[in-house]
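Notes to accompany the following structure.
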Amino acid sequence: MTISGAWRRTARGAGLLAQDGSVAASIFAEMSALALRTGAINLGQGFPDEDGPAEVLEAARQAISDGVNQYPPGRGLPVLRGAIARHQHRFYGLSVDPDTEVLVTAGATEALAATILALIEPGDEVVTLEPFYDAYGGLIALGGGIHRTVRLRAPDFQPDPDDLRAAITDRTRLIIVNNPHNPTGTVLPPETLELIVALAHRHDALIVTDEVYEHLTFGVPHLPVAALAGAAERTITISSGGKTFSTTGWKIGWLTAPASLVTAILAVKQFLTYVNGAPFQPAIARGLDLPDSFYTGIAADLEAKRDVLERGLTAAGFAVSRPQGSYFIVADAAPLGYTDGAELCRALPDLAGVVAVPISAFCSAAHRPEFSSLVRFAYCKKVDVLERATAQLAGLVPR
Ligand code: PMP
Ligand code: GLN
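In case it helps, my numbering puts the sequence shown at residues 775 to 1173.
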C-alpha cells in the first residue's frame, strides 16, 4: 500500500527520506540508540546528564500534590505567563503583556511548529542559517514552504552579509534565526542581527528567533532580536525551559510576539497539543524567577565543560571551533584523516567508545559535501564523563 500524505515531504525536508522511500530516525534518535546499544559515552544528543535546580523539581512535585493536574488554559497558566513576561523584562528590558503577547507551548518544538504552520502559505520562502536544526527543515516542508539557507562556514560560522542580502527577498515570508546556534555554538553579533531586521523590514518578512540557549553564552551577552530597534513588531521569540533548567523531558516552551501574531499562532497551536504539562508550568515559572546568580552559575559551569571538551578534542587531533554559546562544539575530523563525519560517527563507538553526530545531518543534501568532515560533540555532561570521553578519543588513530 502506498501511504500518501504530508509525511513524505516532511521527512524529506529534514533529510530523513532515503532513496528507497523509507524514513530514517532523526540523527539524535539514531545516535542515542547507538550509544545505548554499544555502551559508548553519548556526546551526541544534547541533553544534560544532571538534574536542574532542586527548587524547580520540588515545585513540580508540589504542583502535582496541589492538584494542578487538569488542562491548563490554552495560552498557558497565568503564573507561567507572568514569569515569562518578568523574565523578558529583567534580562532584556522587553515589555510583553502576559495576557496577550505570551503563549506557552509543548517545548520550543511546538512553538516552532505552530508558528511556521500558522504563518506560511504553500510556496512562501523561509530562510534559515545552515547548518540548521532539523525541525526547521521538516516543518517548512510540512507547511509547503520553500527552504532557502544562508551558509555558516567554518571556522567562525558567521553568515556573510551578502549571502543574507541575496537569500532574503520579497518572496521571503519568515527568517528563522537561531541564536545561540545549534549545532555550531555561534553567537550572532549585533550588526548581523541588525542587518536581518533591516532586511525583514525591506522585504516585509517576519523574524522567528529560536533562543533556547539564551542563558548559555560564554563571555558575550545574549541579545534577543526583539530588543533591536524596529524588531519587536515583526518578531516571534521562542524559548524553552529545557536547556536553562535541565528539564528537556518536561517540554515546557513558550513564545512571545505582538498580540495579533500570538492569536494567529494560537489558532494552529490549539489543534496540535491544545495544552501540555500543567504541573510543570508553575515549576518553570519558579525557575524563571530564580536570582541572577543561578543564571550566571549555569553559564559558568557550562563554559568550564566546554573548555574541558575543547582541550580534549584538540589534544586528540581534531580542529575545533570554539563555541560562544549553546551545548555544542564542532570538530573537524579531517586532520585525523576522516573526511566523512557520518561514517566516523557510526564507527566512533568502536573506535573510541564515544558517540557524536555529523554536521551533515543539519544540512540540505546539496550542501552536505562542504560540511562533511565536521562532527558535533555535546558538552552538557558531567566533567568526569567529558574527561573519560576525551581520554578515549585521545587513542583515536589517524587514518
Ligand atoms: N531549537 C533548538 C535550536 C534546539 O536545539 C532544540 C532542542 N534541543 C529545540 C529547538 C527544541 O526544544 P524543546 O525541547 O523545548 O522542544
Ligand atoms: N535539540 C537536541 C539536540 O540538538 C535534540 C532534540 C531532539 O532529539 N530532537 O541534540
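Yeah, the Cβ is synthetic: ideal placement off N, Cα and C, and Gly gets one too.
Proximity of residue i and residue j at Cβ, strictly below 8 Å
i	j	result
R1008	L973	no
V994	A941	no
V1129	M805	yes
P964	L997	yes
P933	L886	no
T958	F931	yes
V1149	A1105	yes
F1019	Q1098	no
T848	L1040	Before going on, a small fix: residue 848 reads as Gly here, not Thr. The answer is yes: Cβ separation under 8 Å.
L1170	L1110	yes
L854	A1108	no
A1031	E875	yes
L1160	A1126	no
G917	I894	yes
H921	G787	yes
Cβ-based neighbour list, residue i, same chain, cut-off 7 Å, excluding 5 preceding and 5 following
i	result
P846	V1049, A1052 and Q1055
R782	L791
A834	P1053, F1054 and A1057
V1094	E1084, L1087, T1088, I1103 and A1105
A837	P1053, P1056 and A1057
D825	L831 and S1020
Close beta carbons around residue i, own chain, < 6 Å, minus the five adjacent residues each side
i	result
D898	G919 and R947
Y1101	G820, A1152 and C1154
V1042	A888, L891 and A892
A785	L791 and V797
S1014	G881, A882, V986 and G1027
A1135	I801
Y1069	H989
V842	A1052 and P1053
A1005	V971 and V999
Residue i versus residue j - alpha carbon distance
i	j	result
H989	A1038	28 Å
F1045	A909	19 Å
D1081	V870	36 Å
L962	T983	12 Å
L1118	A915	29 Å
P822	T966	30 Å
F865	R1142	37 Å
V986	T1113	31 Å
G1061	P827	8 Å
A892	V1036	10 Å
I1103	A799	23 Å
A814	V797	25 Å
P872	P905	33 Å
T883	I1010	14 Å
V830	G911	33 Å
G867	T812	48 Å
G818	P1123	11 Å
I1012	G856	16 Å
A859	I1133	35 Å
D937	V924	6 Å
A1001	D944	24 Å
I1026	G1016	7 Å
R839	E832	In the sequence as displayed, the identity of residue 839 is Ser instead of Arg. If I take the Cα positions, the gap works out to 11 Å.
N956	C1137	12 Å
A979	V1131	33 Å
A1078	P1172	28 Å
V971	N952	14 Å
L851	A1163	41 Å
G1174	E968	Residue 1174 falls outside the range modelled here, since the chain spans only 775 to 1173, and no answer is possible.
K1156	A1165	14 Å
S1067	D1075	12 Å
I981	P1065	30 Å
G795	T1047	29 Å
P954	A780	30 Å
Nonlocal neighbours in the same chain, by C-beta distance under 8 Å from residue i, ignoring five residues either side
i	result
A1139	G789
R1120	L808
A1033	D871, T874 and E875
Proximity test, residue i beta-carbon vs the ligand SAM heavy atom, cut-off 7 Å
i	result
K1025	Of the ligands this structure carries, namely the ligand PMP and the ligand GLN, none is the ligand SAM.
- request: Let me have the residue list for the ligand GLN: C-beta closer than 6 Å to any non-hydrogen atom, ordered along the chain.
  value: Those residues that bring their Cβ nearer than 6 Å to a heavy atom of the ligand GLN are S800, F802, Q819, G820 and N956.
query: Taking only runs of the beta strand (DSSP E) that begin and end inside the segment 1018–1071, which ones reach a length of at least 3 residues, in chain order?
result: The segment 1018–1071 contains these whole beta strand (DSSP E) runs: 1026–1030.
Continuous alpha helix (DSSP H) assignments of at least 4 residues falling wholly in the segment 830–900: Segments of the alpha helix (DSSP H) lying fully in the segment 830–900: 852–866 and 881–893.
- prompt: Counting only runs that start and end within the segment 1074–1120, where is the beta strand (DSSP E) found for 3 or more residues in a row?
  reply: Listed in chain order, the beta strand (DSSP E) elements of length 3 or more contained wholly in the segment 1074–1120 are 1093–1095 and 1102–1106.
message: Quick check for students: name the residue ranges of the alpha helix (DSSP H) that lie wholly in the segment 948–1003, counting only runs of 4 or more.
response: Entirely contained in the segment 948–1003, the alpha helix (DSSP H) runs reaching 4 residues are, in chain order, 964–976.
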